[in-house]
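Position 8, counted from 1, in the sequence shown is what full-length UniProt numbering calls 8; the numbers after and before it change by one each time, with no gaps. A short write-up of the structure that comes next.
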Amino acid sequence: MAQIETRTDPMIINMGPHHPSMHGCFRLIVTLDGEDIVDCEPVIGYLHRGMEKIAESRTNTMYVPYVSRWDYYGGMFNEAVTVNAPEQLADIEVPKRASYIRTIMLELTRLTNHLLWFGPSFVSDLGGHAPFFYALREREIILDLFEAATGYRLINNNYFRIGGVAADLPYGWVDKCLDFCDYFIPKIDEYEKLVTDNPIFLRRVEGIGTITRDDAINWGLSGPMLRASGVKWDLRKVDHYECYDDFDWEIAWATEGDCLARYRVRMKEMRESTKIVRQACESLPGGAYENLEAKRLLEGRKSQWNDFDYNYIAKKLSPTFKIPAGEHYVRVEAGRGELGIYLIGNDNVFPWRWKIRPADFNNLQILPFLLKGVKVADLVAILASIDVVMGSVDR
1 MAQIETRTDP MIINMGPHHP SMHGCFRLIV TLDGEDIVDC EPVIGYLHRG MEKIAESRTN
61 TMYVPYVSRW DYYGGMFNEA VTVNAPEQLA DIEVPKRASY IRTIMLELTR LTNHLLWFGP
121 SFVSDLGGHA PFFYALRERE IILDLFEAAT GYRLINNNYF RIGGVAADLP YGWVDKCLDF
181 CDYFIPKIDE YEKLVTDNPI FLRRVEGIGT ITRDDAINWG LSGPMLRASG VKWDLRKVDH
241 YECYDDFDWE IAWATEGDCL ARYRVRMKEM RESTKIVRQA CESLPGGAYE NLEAKRLLEG
301 RKSQWNDFDY NYIAKKLSPT FKIPAGEHYV RVEAGRGELG IYLIGNDNVF PWRWKIRPAD
361 FNNLQILPFL LKGVKVADLV AILASIDVVM GSVDR
């Protein structure tokens, strides 16, 4: 990588790991020439908790409650990829109703992710504090829907299961969700009117942190980071997982590749996610919400797992799923991009290897490349446009 000539003696400053613009425990060692950034060294690992190693000593059912803590802004995505990996390795069929419910939950999670990015993370870092409260107002409604369906609001929803979901949607939930769709689209219009054409906002983001199409591909970017640079790549269209092919929606993308383009892509994605949620709720099929055979509970009340003898309950294994021998990579389109799991099974209830591929870890690698030669004042805007959660990066 080319070195930048300095006009003065370089000054090294430390940002983080507790700086409010670092979006978690993240540290940047920045070398400055006046107000120009000469070099930047990201320091990560402050939130490493050994999530991959924990997975190797847990059954899938035991591990699902852990995974919401990778990316605590998008817990449902973590749950989806956690159950999809053994499902695809063992060719387990998911009932149509369960797939629709999963799709609804995933798109609502995408909305909460983008709302937290829009208000508290991006616009607030640039000095616009009003959208902070507007975004949280709408997000609370989605969390109410999560609470009604799963019992939890933010993390540890523990809702996805191999072969389906943990419970069916409660009575009246679909109507409440449709009411939210009617309410939310005008709110996005308000956000756009407040922020998008604001001249101060445009001066902070237009032409800043530009990523070309080739650079986006070569650095392995995904999600809004990739699509904002002119690459129409969305795993919901590419991999055809769950039931996204049943709905009418478009890939949100742009060609400019700057911070403004990444903002526009995420705003468009919120509109498209709302369209998907509406269509899924209106066409939600009947039937089972889980594949009982996958849980070895097909016998119903005759199953040995319903024979609760409290004298021996501690000696009985809980019903679980044995992962077949083999290896498989599965991925989903999370709010920040491609979230993948590389799974190696050895015909045991525990995986032999569980490798997590978080989107923001890969997206973060381009940061030193983007920051070289820019003003230090633009650092916050560029980092915020990448949208990182350190729990996901460090795992």
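Where is the CB? At the ideal position from N, CA and C, for every residue including glycine. Keep in mind that this is a model prediction, so the values were computed, not measured.
- Residues Q365, I366 of the same chain have their beta carbon placed closer than 7 angstroms to that of W219, with the five preceding and five following residues left out of the count.
- Its Cα nearest to that of G164, the residue E242 stands out among E242, R278, Y134.
- Counting only the Cα atoms, I251 lies some 21 angstroms from T210.
- The beta-carbon separation of P358 and E41, rounded to 20 angstroms, does not stay under the 8 angstroms limit for a contact.
- With a contact defined as Cβ atoms closer than 8 angstroms, W117 and L145 miss out at about 19 angstroms.
- Judged by DSSP secondary structure, N363 falls outside any beta strand (DSSP E) and instead within the alpha helix (DSSP H) spanning 359 to 364.
- Fewer than three pairs of CB atoms, one per stretch, sit closer than 8 angstroms, so the region 91 to 102 makes no contact with the region 379 to 389.
- Spatial neighbours of H48 in its own chain (CB-CB distance under 6 angstroms, excluding positions within 5 residues in sequence) are listed in chain order as D394.
- When only Cα atoms are considered, V277 and D182 end up about 11 angstroms apart.
- Comparing alpha carbon positions, the residue from L221, G373, L371 closest to D360 is L221.
- Here R69 carries a coil assignment [DSSP, helix/strand/coil].
- In the structure shown, L126 falls within a coil segment according to DSSP collapsed to helix, strand and coil.
- If only complete runs of 4 or more residues are kept, the region 213 to 253 shows the alpha helix (DSSP H) at 213 to 218, 224 to 227, 235 to 238, in order along the chain.
- For R336, there is no enclosing beta strand (DSSP E), as DSSP marks it with neither H nor E.
- Per DSSP, reduced to three states, the secondary structure at Y342 is strand.
- M11 counts as exposed, since fewer than 16 other C-beta atoms from the protein chains shown sit within 10 angstroms of its C-beta.
- From the listed residues S229, A254, Y191, Q279, the smallest Cα separation to D175 is found for Q279.
- Nearest in C-alpha terms to F180, of all of E190, R139, L194, N158, is R139.
- A Cβ-Cβ separation of about 24 angstroms leaves L339 out of contact with R97 under the 8 angstroms criterion.
- Unbroken alpha helix (DSSP H) runs of no fewer than 4 residues, entirely contained in the region 73 to 131, are found at 75 to 90, 96 to 116, following chain order.
- Under the Cβ criterion (8 angstroms, minimum of three pairs), the region 66 to 86 counts as touching the region 107 to 115.
- By the CB criterion at 8 angstroms, V43 and R27 fall inside the cutoff.
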